[in-house]
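Report on the structure given below.
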Amino acid sequence: MQRALYQNQILNLAITARDRFQYLYEASLRGEMTCAHCGEPVKLYLGIEHSPYFYHAQVPHEREECSDTLSETTAVQQIKENPAEYRETNGFRIPKGRAIGEKSSTVKEKATWRSSAPFSSVPAFRLKPAVPKHSDSPYLNEFKESGIELDSNQWKAVTHSEGPLLILAGAGSGKTRVLTARTAYMIQEKQIDPKSIMLVTFTAKSAKEMKERLATYPKMSGLHLRQMLVGTFHSIFLRMIVHHNPQAWQMDRLLKWDWQKEQMVKEAARELYVDEKDFPFDQALQQIGYWKNTLVGVKDVRPKDKWEQDVHFLYRRYEEVKKQKQLFDFDDMLYGCYEMLKQNPDLLTRYQKRFRYFLIDEFQDINKVQYKIMKMLSEDSKNLCVVGDDDQSIYAFRGSDPSFILNFEKDFANTTVITLNQNYRSAHAIVSSANKVIARNTARRQKEMAAQFDNELRPTFFFPYDEEEEATMIVTDMKEKIKQGASPTDFAVLYRTHASSRAIFERLSQSNLPFSIEQDADSFYKRRMVRSLLSFLRLSVNPNDASSLQDLVNALFLKKTAVNDLKAASILHDGTFIDALEYLQDLKPFQQKKLKKVIPLFKSLKSMSPSLALETISKDMGFDDFVKKRGNEGNMMEKGSDDVRDLKVVARKFKTVPELLEHVDHMIAMNTEMKALSKQFNESIQLTTIHRAKGLEYKHVYVLSSVDGGLPHDYALEAYRGGDDVPLQEERRLLYVAMTRAQNSLYLSVPQTRRGKTAYPSRFLKSFIKKV
């Protein structure tokens, strides 16, 4: 059905303005639409597999008379009977006498519905079976009898035990199996002493998985596992420094939590006279960590801008305070071990004699200090085996660098390179499409993955109007697949940054589907700039809202003491906090001028539509000035103006300010609740960043906002315009990682607008989208 009745008027999808679909979808959920023939409630379908249509909500049925309802002539007659008077509905001006959504000759259409489309240029599937290698090795034959198969390249990697070895393990190629099988082979077949083996991973979870898998292999005993040194870089290096200097590295002196480090740099920041609420301390600590992990000491920093100058000052003070209080953080474990081995040649020699074989997992994620330590330790034996994929190097912000893989042979003479090019995880079309995307990176080792199965499903592009519709289409598709037998745990929604997850979180919160979010994913509405903007709306509805007062004071460029002054003045003059603004003393001329303009506008905000209220706050009440000065507009990853635009997208959904605020409070509460429930769900849809999804796999994957500015991120595009393509290449690797998480189906969202502005398909994908 393409037509329905809404507010006693005919709604024809064929001539409905594109930006209205989501609003009408939600109206249909509220039961506000009916079939023009039978009068039963209808809903609007917004999904990926089909174009929008109406369907009967209570008793789905197909009737010819329902599908072919009112004619166009009837609609025209209705227009003639009603004068073309305008009314405002949810921020839209609609002619009262015209069928809702009917095109006007004076309205320029911004967008039209575009059906989903498959990834173009997918070659035909030709299976190249990964035939197991025949071996005379008794132990590998036992592997085979145990059901553990190795293809020819995996077999070469497992049986190569002497000298430097670089294993290029593409996505889904079974690298964990190879790494553990090689370790077991060395112990059982080569009779290498387990005490001489060091197996290093990046996470405690990976280390545990390695041990558990090794325990299942033929003849591997608990004694073997206890004699080996298996662990993360941090745990292994900490054991080394504690062993030689236990007094300086007592665990009760470790700064375990970010809030502890943040408290220390905040104290230092007071010397810079920066506002604690305005300064991104988390990113400052990330920058400090980056310097330390790339062996850039306090004296070595050469700040490039004002931001780095401030962070450099915090770096210096942070290190000084730690030294005074004899504290250390996780980065110090690495740096401390490096300094210890570098300054004690005899001690380094002892470790070189003790450990003769080194195996490193996820080598593409290694940073400079980790690399230097492992290079020193393996200098004598030369038996360093590293497993990684330069196409999945996505942690530059932590100091990781794909050049360690790209230049491995230069640093280690006589290196053997083995490529694992069989993908056992994903279907052919996904693997082939991911190959085409990553092949356009220039700084990489040439390799092409081959799938081991085909399900005839191509990766699919879909084209929502905006973030709201994007979320609706995804949830609709999930519901369809679950109805067909899929489990919630089969699904993952991946995004570039946490801020991009706002709409999908809200849509899932309104559904009955179980889903999980990351514990550090705070609600969008608690972000600093969003909270500040909402404070105007909250105080317009409740002029005595004390919880919003501090945010308002900051946004009006008033001093911190103004909060207490306003509370006192409201009591003294028996008025509200807003009334008290006019009694503030010792104001600068520009502050007096601003308040004189702002105070009268507060009373009118609550009666406006949310969209108009936000525009009024931005333009007439000076919030745009606050964003420019305090919105981190110079920050690489986050800009306050982006958050403001995101909130304006949300506001379009609501008719009144109280409705918007009610929604905001509900979503904040839902965020807290979902964090608690996430730990309890056995089966749930995963909402996660691409970074966090690395190493994981899901049957069905949805990638949000595959447009320029989303993926690749704006900061990478800015760097590219400045002549630096390194960040852009990492963004392409991020997309590759996202695509290769999918096993059976992959959906890439290409919204037509993003944050209220026209969006353009990601430059990484544009050539693979069929032109229409």
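Mapped onto UniProt numbering, the consecutive letters of the sequence shown carry residue numbers 1 to 772. By construction, the Cβ of each residue, glycine as well, lies at the ideal position given by its N, Cα and C atoms.
Query	Result
For Asn-153, the first and last residue of its enclosing beta strand (DSSP E)	Note, Asn-153: premise wrong, no beta strand (DSSP E); alpha helix (DSSP H) at 152-159.
Limits of the unbroken alpha helix (DSSP H) element including Leu-140	138-145
In DSSP terms, what Tyr-45 is bridged to	Tyr-53
Where Ala-450 falls: helix, strand or coil (DSSP)	strand
Euclidean distance between Cα positions of residue 773 and Tyr-338	The question about residue 773 has no answer, for the chain in this structure spans 1 to 772.
Whole-angstrom distance between Ile-578 and Ile-571, CA atom to CA atom	12 angstroms
Classification of Lys-481 by the beta-carbon crowding that lies within 10 angstroms, buried from 16 upward	buried
Thr-688 - DSSP class collapsed to helix/strand/coil	strand
Which of helix, strand or coil DSSP assigns to Val-750	coil
Element boundaries [alpha helix (DSSP H), containing Asn-245]	Neither: Asn-245 is in no alpha helix (DSSP H) and is coded neither H nor E.
Residues that DSSP places opposite Leu-359 in a beta bridge	Leu-199 and Cys-385
Inter-residue Cα distance where the pair is Lys-757 and His-663	23 angstroms
Leu-748 beta carbon less than 8 angstroms from that of Leu-706	Residue 706 is actually Ser in this sequence, not Leu. For Ser-706 and Leu-748, yes; Cβs fall inside 8 angstroms.
Burial state of residue 774, where buried means 16 or more other Cβ atoms lie within 10 Å	Past the boundaries of the shown model lies residue 774; the chain is included only from 1 to 772, so the question cannot be answered.
For Ala-492, the first and last residue of its enclosing alpha helix (DSSP H)	Per DSSP, Ala-492 belongs to no alpha helix (DSSP H); it is in the beta strand (DSSP E), 491-495.
Where Asp-136 falls, given that 16 or more other Cβ within 10 Å makes a residue buried	exposed
Selection from Val-701, Arg-350 and Val-386 that minimises the alpha carbon distance to His-244	Arg-350
Euclidean distance between Cα positions of Tyr-86 and Gln-392	Any answer about Tyr-86 is weak, because its pLDDT of 39 lies below 50 and its placement is not dependable; what the coordinates show is given next. About 55 angstroms.
Terminal residues of the beta strand (DSSP E) in which Gly-231 lies	229-232
Cα-Cα separation between Leu-254 and Phe-328, rounded to whole angstroms	5 angstroms
Boundaries (first-last residue) of the beta strand (DSSP E) holding Leu-11	9-12
Reduced DSSP category for Arg-502 - H, G, I as helix; E, B as strand; rest coil	helix
Buried/exposed call for Ile-223, threshold 16 Cβ in 10 Å	Ile is not the amino acid found at residue 223; the sequence shown has Leu there. With fewer than 16 Cβ atoms within 10 Å of its Cβ, Leu-223 is classed as exposed.
Buried or exposed (CB count within 10 angstroms, at least 16 for buried), Gln-43	The question names Gln, yet the displayed sequence has Lys at residue 43. Burial call: buried.
Cα-Cα separation, Val-417 to Met-228	25 angstroms
Buried or exposed (CB count within 10 angstroms, at least 16 for buried), Gly-622	buried
Uninterrupted alpha helix (DSSP H) stretches inside the region 611-696 (no shorter than 4 residues)	623-630, 640-651, 657-678 and 690-693
Alpha-carbon to alpha-carbon, Tyr-290 and Leu-377	23 angstroms
Opposing strand residues paired with Arg-3 [DSSP bridges]	Asn-12
Proximity below 8 angstroms, CB of Val-437 to CB of Phe-125	no
Candidates Ala-443, Ser-767, Ile-668 and Lys-653, of which the one nearest Ser-523 by Cα	Ile-668
Enclosing beta strand (DSSP E) for His-700 [first to last residue]	698-703
The region 504-517 in contact with the region 467-486 per 3-pair CB rule at 8 angstroms	yes
In chain order, each alpha helix (DSSP H) run of at least 4 residues that lies wholly inside the region 415-444	428-438
N-terminal and C-terminal residue of the alpha helix (DSSP H) that Leu-549 is part of	549-555
Three-pair Cβ contact test at 8 angstroms for the region 703-718 versus the region 539-559	no
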